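Oh and the sequence shown: position 104 is 89 in the working numbering, straight run, nothing missing. To start, the structure itself, in structure tokens.
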Amino acid sequence: MISNSVFLKACRREPTEYTPIWLMRQAGRYLSEYRAMREKASFLAMCKNPDLAAEVTLQPIKLIGMDAAIIFADILLPLEPMGIKLEFSQGEGPIIHNSIQKESDIESLRVIEPEEDVPYVLEAIKKVVNELNNTIPLIGFAGGPFTLASYCIEGGHSQNFIKTKQFMYHNPKYWHLFMEKLSTVVTRYLNAQIAAGAQAIQVFDSWVGCLSPHDYARFVLPHSQKVFQGLTNDVPAIHFATGAADLLELMKAAGGNIIGVDWRVELGHAWKRLGYNVGIQGNLDPVTLLAPTAMIKERVKKILQSAENRPGHIFNLGHGILPQTPLKNVVALINMVHDLSKR
Ligand code: CP3
């Protein structure tokens, strides 16, 4: 039974024979098989083709053997049918051509129906679940409302999120309207992924760490909370952010059965603060995978020690795997985590 998989057991904080591991961005450019496919199709085209998306999702599973798969997609995909003009440019990352600047831009955003507006993601999920055939679970995901809003307002990636904060401070009424629309879309999108077969979900609120705890509590928490409370099925939910050391308790209050942390916090300290009634995911610095194997091993041991073999730890990087990561180090990492955590 898939519910007895190491990953899903750890999500429920049940004891497991070893610590499960998967990696954020595990399907991607560090794999030559992925790069070969990318030569023939753009990133968006790959996301929109369920056969290609399913194939890419399964590449790291077949080649390396993580304990969970994550559907190949992007947090920005549901923005397109909302009315956002999205492009992924080579080297620069996502670009939004009609960034949100004024009240009417927010008013005109559509609140989408995932089954009609992003059917390809749901189709890809069905294919992957079918192909995995209950060997390991599939994780669905969405961006957190704040992280999505920041891309829309900044027009792309940002260093300091000045425009986003300015909008929030100057026009709280429209900020909240925007966040309400986004949280409704994110809730529907996640529920559609669960209905399509995703056995766990992760909310990537990657950039929320740019906010003070006070601003997070006031401008973000109620909306993220609505997302977690709106999940229809009882699947485990991972709530992830980076650079969010002092937001962890607030993130827990917003929701999630597992909190995802990066390497800027000591995993054991973070877990103690959060309390052991939630799981924890993390938190190897992705740059460690560019270091000598002995150093990778030392850091893996440290993280496992700091989790104290407690049920509910899911091993992961603290953020996405880097494209220049040598495949052999990824294979070594998976084996190390499995071997060193054997109870
Ligand atoms: O984890 C997985 O393997 C699933 C696939 C996945 C992608 N994006 C594929 C992708 C997931 C979970 C994401 C989430 C995502 N997308 C986040 C949250 C996680 C994080 O990194 O903070 C964010 C912020 C985005 C937005 C995004 N998409 C950026 C900033 C970029 C460009 C940066 C980069 O790495 O190039 C993307 C493009 C993207 N998303 C790629 C992949 C594999 C690279 C596309 C390519 O092949 O050129």
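No residue lacks a Cβ here, since even glycine has one placed at the ideal position from N, Cα and C. Only a predicted model underlies this, so the values are computations on that prediction, with no experimental measurement involved.
Beta-carbon gap between residue i and residue j smaller than 7 Å
i: isoleucine 110; j: glycine 182; result: yes
i: valine 106; j: alanine 39; result: no
i: valine 246; j: asparagine 268; result: yes
i: isoleucine 124; j: glutamine 187; result: yes
i: histidine 323; j: proline 271; result: no
i: glycine 264; j: isoleucine 243; result: yes
i: phenylalanine -8; j: alanine 53; result: yes
i: leucine 252; j: isoleucine 288; result: yes
i: alanine 226; j: aspartate 190; result: yes
i: glycine 297; j: arginine -2; result: yes
i: leucine 64; j: valine 103; result: no
i: threonine 4; j: lysine -6; result: no
i: isoleucine 97; j: methionine 67; result: yes
i: isoleucine 49; j: isoleucine 319; result: yes
i: isoleucine 121; j: serine -12; result: no
i: leucine 235; j: leucine 206; result: yes
i: leucine 259; j: lysine 237; result: yes
i: threonine 217; j: asparagine 176; result: yes
i: phenylalanine 73; j: phenylalanine 28; result: yes
i: leucine 274; j: asparagine 301; result: no
i: alanine 292; j: cysteine -4; result: no
i: alanine 202; j: phenylalanine 163; result: no
i: glutamate 24; j: glutamine 44; result: no
i: proline 198; j: aspartate 231; result: yes
Cross-strand partners of residue i (DSSP beta bridge)
i: isoleucine 80; result: Glu72, Gly141
i: phenylalanine 243; result: According to the sequence shown, residue 243 is isoleucine rather than phenylalanine. Isoleucine 243 pairs with Ile223, Gly264.
i: glycine 50; result: Looking at the DSSP assignment, glycine 50 forms no beta bridge with any residue, so it has no partner.
i: phenylalanine 126; result: Gln187
i: tyrosine 298; result: The sequence as given places histidine at residue 298; tyrosine does not occur at that position. Answer is Ile265.
i: isoleucine 6; result: Phe300
Local conformation of residue i per DSSP, three classes
i: glutamine 187; result: strand
i: asparagine 34; result: coil
i: isoleucine 85; result: coil
i: isoleucine 55; result: strand
i: tryptophan 333; result: One cannot answer for residue 333 here, as it falls past the ends of the chain, which runs -14 to 328.
i: arginine -3; result: coil
i: threonine 120; result: coil
i: asparagine 156; result: coil
i: valine 103; result: coil
i: methionine -14; result: coil
i: aspartate 231; result: helix
i: threonine 278; result: helix
i: leucine 206; result: helix
i: isoleucine 97; result: coil
i: glutamine 309; result: coil
i: threonine 410; result: Limits of the chain in this structure are -14 at one end and 328 at the other, which puts residue 410 out of reach.
i: tryptophan 256; result: helix
i: leucine 61; result: coil
i: glycine 182; result: coil
i: aspartate 324; result: helix
i: leucine 196; result: coil
i: phenylalanine -8; result: helix
i: tyrosine 15; result: coil
i: aspartate 332; result: No information on residue 332 is available, as it lies outside the stretch -14 to 328 that the chain covers here.
i: serine 291; result: helix
i: phenylalanine 146; result: coil
i: alanine 21; result: helix
i: alanine 39; result: helix
i: alanine 238; result: helix
7 Å Cβ cutoff, residue i in contact with chain C
i: alanine 226; result: Here chain C cannot be found, since the structure has a single protein chain.
TODO: Evaluate the contact criterion for the stretch 125 to 142 versus the stretch 31 to 47: three or more CB pairs, one atom per stretch, below 8 Å.
DONE: The count of Cβ pairs closer than 8 Å, one atom from the stretch 125 to 142 and one from the stretch 31 to 47, stays below three, leaving the stretches out of contact.
Task: Inter-stretch contact (C-beta, 8 Å, three-pair minimum) for the stretch 305 to 313 and the stretch 5 to 13 - done: Of all C-beta pairs linking the stretch 305 to 313 to the stretch 5 to 13, three or more are shorter than 8 Å, placing the two stretches in contact.
- [ ] Evaluate contact between the stretch 161 to 180 and the stretch 207 to 221, counting only Cβ atoms and requiring at least three cross-stretch pairs below 8 Å.
- [x] Verdict: yes, contact present.
Open item on the list: Check whether the stretch 72 to 84 and the stretch 150 to 157 touch, using three or more Cβ-Cβ pairs below 8 Å as the test.
Closed with: Three or more Cβ pairs closer than 8 Å define a contact, and the stretch 72 to 84 falls short of that threshold against the stretch 150 to 157.
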